[in-house]
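The sequence shown stops at residue 233 when you use the numbering used here, and every number in between is there.
Beta carbons: idealized from backbone N, C-alpha and C, even for Gly.
See structure below.
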Amino acid sequence: MVRSLVWLAVVAAAGFGGLRFAEAVATVDVGLVRLEGQLTTPESREVQEAVASVLSRPGAHGAREVAAAIESIGWVRQVLVRVRWPDTLHVAVVRDTLAAGWGDDAYLTTGGDIVSAPSDSDSGPDSDLPILSGSLSDGTETMRIYNLLSAPARAGGLRIARLTEDSVGNWTVGFADGTEVVLGSMTLRERFDRFLVVYSKELADSSDRVVRVDARYHTGVAVQWDPGA
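This is the structure we're talking about:
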């Protein structure tokens with residue numbers, strides 16, 4: 005949930021990078037907007053557009069209106085807006101920590117909240133993030149399952165690139181090397197641990213030949229091999 009900190013002050017703030025909105029502020033009191041935050045270029049642009057949408061309205065505008073406009077951006081966690089006399093607006097933005105992609109065009113935060121990617125981004129979620137999706141489960145539950153599986157996967161030398169739930173509740177893990185493991189809908193950690201044992205003892209040295217592993221068995225796993233490898 006977004007927490008807004010609005011502080012009206014006349015002190016200078018160190019570390020702000022200047023961004024001037026010449027057209028947006030031509031007929032209003034604010035003459036310079038300074039933006040601070042570790043944001044990507046599309047994210048910075050989205051914040052600029054939110055601020056400009058307020059400043060372009062006729063009349064003078066306060067920090068509270070600007071903060072509310074920035075809060076409406078889904079990935080924003082915290083906003084700090086300060087006014088420095090006579091015409092400078094300082095804006096500091098803290099973004100949510102993005103833990104995974106959600107489908108093709110959104111993100112999951114570490115808490116499992118679903119947030120949109122910047123509207124002018126040319127691509128979906130960062131390719132370095134795992135991509136998660138749940139047909140029946142929400143973001144919080146999907147993130148919980150990812151966290152349940154990712155640590156033992158890393159310990160076994162594997163990186164989860166995808167975690168998906170189908171329409172009947174079956175979960176499938178996709179690793180960075182292209183291997184998939186079907187876990188089904190119950191006892192996911194138990195089945196995943198069983199797969200990791202088999203992987204370390206039997207599959208690790210020939211993982212390039214493994215296409216898919218079905219771990220929905222009580223005592224073992226079924227392996228689909230690449231016939232052309």
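Residue from Val51, Val87 and Gln228 whose Cα sits closest to the Cα of Ala67: Val87
Which residues DSSP lists as bridging Gln228, in chain order: Arg216
With 16 other Cβ atoms within 10 Å as the buried cut-off, status of Asp117: buried
Three-state class that DSSP yields for Met5 in the structure shown: With a pLDDT of only 47 at Met5, under the threshold of 50, the placement of this residue in the model should not be trusted; the figure read from the coordinates follows. Note: Met5 maps to coil in three-state DSSP.
Tyr221 - DSSP class collapsed to helix/strand/coil: DSSP, read as helix, strand or coil, puts Tyr221 in coil.
Integer-rounded CB distance, given that Val83 should sit under 8 Å from Glu69: With a Cβ gap of about 12 Å, Glu69 and Val83 do not count as contacting.
N- and C-terminal bounds of the beta strand (DSSP E) containing Leu93: Thr92 to Arg99
C-beta contact flag for Ala208 and Asp218 at 8 Å: Contact: no.
Enclosing alpha helix (DSSP H) for Arg193 [first to last residue]: Leu192 to Val202
Between the CA atoms of Trp89 and Ser48 - distance to the nearest angstrom: 24 Å
Euclidean distance between Cα positions of Asp181 and Gly105: Our two residues, Asp181 and Gly105, have alpha carbons roughly 18 Å apart in a direct line.
Residues that DSSP places opposite Leu36 in a beta bridge: Thr92
Residue of Ser210, Thr223 and Gly224 minimising C-alpha distance to Pro231: Taking only the C-alpha atoms, the option nearest Pro231 is Ser210.
Buried or exposed by the 16-neighbour rule on C-beta atoms within 10 Å, applied to Gly143: buried
Whether Ala72 touches Val55 by CB criterion (8 Å): Ala72 is not a Cβ neighbour of Val55, given a cutoff of 8 Å.
Euclidean distance between Cα positions of Trp175 and Thr191: One C-alpha to the other measures close to 11 Å.
Cβ pair Ala159, Gly178 closer than 8 Å: At a Cβ-Cβ threshold of 8 Å, Ala159 and Gly178 do not count as neighbours.
Nearest-angstrom Cα separation, counted from Ile135 out to Arg220: 22 Å
Per DSSP, the bridge partner or partners of Thr176: Thr168 and Val186
Cβ pair Pro156, Leu93 closer than 8 Å: no
Nearest to Leu102 (by Cα), restricted to the options Leu133, Glu75 and His222: Leu133
Span separating the alpha-carbon of Arg99 from that of Asp109: 17 Å
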